[in-house]
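Residue numbers 2 to 719, in my numbering, belong to the letters of the sequence shown in order.
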Amino acid sequence: MDGLRKLPLEAPERISGITELAFNMWWSWHPEARALFKRLSRPAWKLSGHNPVKMLGEIDKGVLEEAAGDAEFLAHYDQVMEKFQKEMKDAGRGWFADNVCDPNALPVVFFSAEYGLHHSLPFYAGGLGFLAGDFLKESSDLGMPVTAIGFMYPEGYLRQKIPVNGWQESLDEPLDRASAAISRVLDSSGKPLLVKVPFIEPPIHVEVWKIEVGRISLYLIDTDIEANDPWNRSISAHLYIGNLEQRLRQEIVLGIGGREVLDTMGMKHSVLHLNEGHPAFAITERIRERVAEGMSFENALRQVKETTIFTTHTPVPAGTDVFPFALMEKYFSSYWPALGLDREGFFKLGMNPEDPGAGFNMTVFALKCSSHRNGVSKRHGQVARRIWHSLWPDRPEDKVPIGHVTNGIHVPTWIEPKMDLLFNRYLGENWKAAHDRPETWEAVRDIPDKELWNTHYWLKMKLIMRIMERARQRWIEDRPEAQIILGEGVMLDPNALTIGFARRFASYKRASLILRDAERLKRILNDKWRPVQIIFAGKAHPADDPAKHILQQVFNSGKDPAFGGRIAFVEEYDEQLAQYLVHGVDLWLNNPLPPLEASGTSGMKAALNGVPSLSILDGWWIEGFNGKNGWAFGEEPGRQDTTTRPDRDADDAEAIYRLLEQQIVPLYYHINGEGISTGWVRVMKEAIISAAAQFSARRMVKEYASNYYAKCLLAVKG
Ligand SMILES: *Cc1c(COP(=O)(O)O)cnc(C)c1O
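Okay, here's the thing in structure tokens:
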């Protein structure tokens, strides 16, 4: 059943494994595998945008033949392939088998609307997606049996283009399926597997693609197929479609269709993990299957709950889908009888007691139908218990059954290769195997200041050169309007203290906060001897006009000579640009409106590479900040919800200016005879030491496995 059709990539017999390697994202977090592709042909690697499938499809055959006869290349190839194949064969081994349970137990199935694995697989919008991608990579590393389900968005990766007026335009870039590391899932007769989504009339059909993420399989549902009419074809066209009905249909296809896809492929699983509420209809399918076997709804729900984990990722209302009851009726009137429920009983499952008429709330539904629920940081756990208190009205707030697992990042993915080499030298060759043990990182103190600083400076140069090259390309290609190019970073100075701010431009993230008092900021940026510059990047959701206004303001500030060319806005924030930024800036700025940042992960990526944060105390930074590893502001003991306070922006901006003026700038420029600020390097080291283990995806995945999956698996056996 699980046949696959891959691109007909060809390589000489001696190195034929290289095509297999290209189709497994394992290469993306193993520097030696990346280096192998690069070694094959540097220009082709670059031209492909670091995408081996594309590269092997386009490369001259002679290059491969030459490599197959080159002893040095072959030695490198053999070493990589041995490691890769050994890991793939050891599917049942690793931390999970040793510590949690028999890995031959039925796997956990992980549902998410987005996955951020690499920029060549653009199925993500932001942090939620990268969390899911990092989760899969780490599950592979730990030998945890996970199968993942998501969407293929064939039409809809949002490319960002900003004209001279600063008002973001977005273009869709259709996915080139032939040069992505995806393979079509085939049925037993060798044709593309076609699955009909149950209960939906007129019918919706889906096809399925597979991405290999180390030892983990990620299946992507595709509605853009011949068998569907145009309306159905476009269900999976874009991430988070604005039209409510199409959004509902999207979630039906993901949850209900996703379950059907697994079933059709004969893939059983024991535990369901929902990453956010979008795929929550997978729960109704689990219940329906049990009811069909004769179980009562109540018993079926009880059983399903025990083995379902729901992770909520946001306290922002726009992050929660609420579907009007009339719309729900249209799609579910033939469904609820199959659950043994009437209209009332079904709607009640998604009713928010605080606003019962609003419609079917996917977060409420997921919370009610899972026994294991968590927020994504300690603070977010508290906030979620408060927001959803009314679902458990007879308990005190602190006993609301929502816990937390603080997010973490996949260390091998987010560490810069040069930093990786530096750590190899000072932490011992095996540090990666023990990277979630805080002791591992103590040895960072032994790295000579000069070496850490030089490595960082090299990465900063790399970032700036990269930004200039992008600006140059744009200038050649389509926009000789010098004004824009100036704002895109051609005036960046590698010796100036460089602040990075890059994330989705959702309003609550307050990208323009630092511009609030323009005069004060100008004085900070334009200091002749101690200049400061800011690099911004990020996309606004195309339907979010307030966010586009913020983006415009930031963008225009880059073109305003009064800021001295010290503000740059870099277009087209994606995984690749994120990597350059978190590796290469000096300071990572984060100033969302508390308590709306559930966790935030970009600051963790920066810290791992020795880039400290200047961040408001919200999300992960409440746990991460220790007084030595960066700077914090905005603490309000006893006041959790400060979103509505009118002077909040002014206070927070003031705190940022004060920290910059009084602490950060003086420390950065307090340099010794060798041109190094030892005080600054100390903060860099503390950032690495305090964050690398604690905010690793390894620590996070282990917590999910020990605190939740282990209990679920017991329930399965019991
Ligand atoms: C890590 C990452 C994010 C998440 O950033 P936040 O700090 O959560 O805002 C978003 N986009 C990209 C490309 C990332 O790599």
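Glycine included, C-beta positions come from ideal geometry on N, C-alpha and C.
Asked: C-beta contact flag for residue 215 and residue 27 at 7 Å; Found: yes
Asked: Enclosing beta strand (DSSP E) for residue 276 [first to last residue]; Found: 272-276
Asked: Residue span of the alpha helix (DSSP H) that contains residue 686, given as start and end; Found: 679-692
Asked: Distance CB(residue 137)-CB(residue 217) smaller than 7 Å; Found: yes
Asked: Beta-bridge pairing of residue 210 - partner residues as DSSP gives them; Found: 185 and 221
Asked: Own chain, CB closer than 8 Å to residue 489, minus 5 neighbours either side, in chain order; Found: 468, 471, 472, 475, 559, 569, 570, 571 and 572
Asked: Straight-line gap, residue 85 to residue 181 (C-alpha atoms, nearest Å); Found: 20 Å
Asked: Short Cβ contact (7 Å threshold) for residue 646 with residue 592; Found: no
Asked: Rounded straight-line distance, which links the Cα of residue 16 to that of residue 574; Found: 35 Å
Asked: Inter-residue CB distance, residue 576 and residue 58 (contact presumed, cutoff 8 Å); Found: That pair is no contact at about 21 Å.
Asked: Selected residue, minimal CA-CA separation from residue 520, among 654, 610 and 436; Found: 654
Asked: Residues passing the C-beta test against ligand 1 heavy atoms, cut-off 7 Å; Found: 117, 127, 128, 131, 504, 505, 510, 574, 575, 576, 579, 591, 600, 601, 602, 603, 604 and 606
Asked: Residue 74 - DSSP class collapsed to helix/strand/coil; Found: helix
Asked: Environment of residue 563 [buried if 16+ CB atoms lie within 10 Å]; Found: exposed
Asked: Other residues of its chain near residue 445: CB distance less than 6 Å, five sequence neighbours each side excluded; Found: 686, 689 and 690
Asked: Simplified DSSP assignment, three categories, for residue 616; Found: strand
Asked: Residue 500, enclosing beta strand (DSSP E) - first and last residue; Found: 498-503
Asked: Nearest-angstrom beta carbon gap, residue 341 and residue 305 [assumed within contact, 8 Å]; Found: Not really, about 13 Å apart at Cβ, beyond 8 Å.
Asked: Three-state secondary structure assigned by DSSP to residue 197; Found: strand
Asked: Own chain partners of residue 149 with C-beta closer than 6 Å, once the 5 adjacent residues on each side are dropped; Found: 111, 137 and 219
Asked: Rounded Cβ spacing between residue 23 and residue 10 (contact assumed at less than 8 Å); Found: 7 Å
Asked: Validate contact between the stretch 413-421 and the stretch 373-386 using beta carbons, cut 8 Å, 3 pairs; Found: no
Asked: Run of the alpha helix (DSSP H) containing residue 375, from where it starts to where it stops; Found: Where residue 375 is concerned, there is no enclosing alpha helix (DSSP H), although the beta strand (DSSP E) it sits in stretches over 373-376.
Asked: Start-to-end residues for the alpha helix (DSSP H) that takes in residue 558; Found: 546-560
Asked: Buried versus exposed, by CB contacts within 10 Å (16 or more), residue 115; Found: buried
Asked: Which of helix, strand or coil DSSP assigns to residue 430; Found: coil
Asked: Residue 170 versus residue 367: straight-line alpha-carbon distance, rounded; Found: 35 Å
Asked: Minimum C-alpha distance to residue 497 - residue among 546, 517 and 565; Found: 565
Asked: Residue of 508, 146 and 229 minimising C-alpha distance to residue 549; Found: 508
Asked: Short Cβ contact (7 Å threshold) for residue 635 with residue 617; Found: yes
Asked: Inter-residue Cα distance where the pair is residue 45 and residue 447; Found: 39 Å
Asked: Length of the line joining the Cα atoms of residue 2 and residue 187; Found: Confidence is the limiting factor: at residue 2 the pLDDT is only 45, short of 50, which leaves the residue's position unreliable, though a coordinate-based value still follows. Their Cα atoms are separated by approximately 7 Å.
Asked: Residue 598 burial status per 10 Å Cβ neighbour count (16 or more: buried); Found: buried
Asked: Beta-carbon spacing of residue 315, residue 371 below 7 Å; Found: no
Asked: Option nearest residue 1 by Cα separation, candidates 620, 393, 274 and 529; Found: Residue 1 lies beyond the residue range present for the chain, which begins at 2 and ends at 719; the question has no answer from this structure.
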